[in-house]
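Data block below; observations after.
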Amino acid sequence: MKKIILVFSLLSLLLSCNGNKADKQKNGTLSKEEFAEVTIDSLTLYAKKFVGKKIRVTGIVEHVCVHTEKRLTITGPSHDFSFKVNASIAVPEFDLSLKGSKVEVTGIFNPITTPNEVCEVETSHHPGENYYIECQSIK
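Structure follows, in structure tokens:
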């Protein structure tokens, strides 16, 4: 009987530890190990290295799509390089008042594969290889 209680206690302890990790992931909290902190400039230089990975980048909002509010463009301090940020289920739209604000974006870095992912206004200002960040959080 004591062996059964001991085994049950150990199993309960193990399951409770794993449950906390799952609860944190469900709440959307990210640990530092789950994303790469990058700058706009390093993201530009090493874009292919970050494709498909979670990143966190800080920049200034240069453009918010007024038609859908589902896309914005962030730029670095030099304003030489910029990236598109697309809304997602986690962040369904962006406030137009973000334009000119400094923001911290966490999301998945992806190449643009279809024309629907590009705002016409952005295309005329930012030609060349196109990547975007699928926004998971914005501060």
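Quick note, the sequence shown lines up with residues 5 to 143 if you use the working numbering. C-beta atoms are modelled at their ideal positions from N, C-alpha and C, and glycine is treated no differently. Here the structure is a predicted model, which is why all the values come from computation and not from measurement.
(request) Please state whether DSSP places Ser101 in a helix, a strand or coil. (result) Counting from 1 along the sequence shown, the entry for residue 101 is found at position 97. In the structure shown, Ser101 sits in a helix (DSSP, three-state: H, G or I).
(request) Check each candidate in Lys53, Lys52, Lys143 and Ala51 and name the one with the smallest Cα separation from Ser105. (result) The count along the sequence shown starts at 1 and reaches residue 105 at position 101. Ranking the options by Cα distance to Ser105, first place goes to Lys143.
(request) Mind reading off the beta-carbon distance from Glu108 to Arg60? Whole number of angstroms is fine, and I expect it under 8 Å. (result) For this step, residue 108 is matched to residue 104 along the sequence shown. For this step, residue 60 is matched to residue 56 along the sequence shown. About 7 Å; that satisfies the 8 Å criterion.
(request) Determine the DSSP secondary structure at Ser46, reduced to helix, strand or coil. (result) Position 42 of the sequence shown, counted from the first residue, corresponds to residue 46. Three-state result, Ser46: helix.
(message) If you reduce the DSSP assignment to three classes, tell me which class Ala94 lands in.
(response) Taking the first residue of the sequence shown as position 1, residue 94 is located at position 90. In the structure shown, Ala94 sits in coil (DSSP, three-state: anything other than H, G, I, E or B).
(message) Among Ser101, Phe85, Ala94 and Val95, whose alpha-carbon lies nearest the alpha-carbon of Thr62?
(response) As a working mapping, residue 62 is identified with position 58 in the sequence shown. With distances taken between Cα atoms, Thr62 lies closest to Phe85.
(request) Determine, using beta carbons only, whether Glu38 and Lys58 come nearer to each other than 8 Å. (result) As a position in the sequence shown, residue 38 is number 34, starting the count at 1. As a position in the sequence shown, residue 58 is number 54, starting the count at 1. Contact flag set, yes.
(message) For Pro96, which residues in the same chain have their Cβ closer than 8 Å to its Cβ, ignoring the five residues on either side in sequence?
(response) Residue mapping note: residue 96 aligns to position 92 of the sequence shown, counting from 1. The answer, listed in chain order, is Lys74.
(message) Check this for me: beta carbons of Phe87 and Tyr135, under 8 Å apart or not?
(response) To locate residue 87, count along the sequence shown from 1; it is residue 83. To locate residue 135, count along the sequence shown from 1; it is residue 131. Yes. Within cutoff.
(message) Can you look up Phe85 in the DSSP assignment and give me helix, strand or coil?
(response) As a first step, residue 85 must be located in the sequence shown, where it is residue number 81. If DSSP states are grouped into helix, strand and coil, Phe85 belongs with coil.
(request) Rounded to whole angstroms, what's the CA-CA distance from Gln140 to Gly56? Just pull it up for me. (result) For the purposes of this step, residue 140 is taken as residue 136 along the sequence shown, with counting starting at 1. For the purposes of this step, residue 56 is taken as residue 52 along the sequence shown, with counting starting at 1. Each residue's alpha carbon lies about 13 Å from the other.
(request) Report buried or exposed for Leu100, applying the criterion of at least 16 other Cβ atoms within 10 angstroms of its Cβ. (result) As a position in the sequence shown, residue 100 is number 96, starting the count at 1. It is exposed - the Cβ of Leu100 has fewer than 16 other Cβ atoms within 10 Å.
(request) Check Glu73 in the structure and name its three-state DSSP category. (result) What you label residue 73 is simply residue 69 of the sequence shown in a count that begins at 1. Correct three-state label for Glu73: coil.
(message) Taking 8 Å as the threshold (C-beta atoms), are Ile93 and Ile2 in contact?
(response) With the chain covering 5 to 143 only, the question about residue 2 has no answer from this structure.
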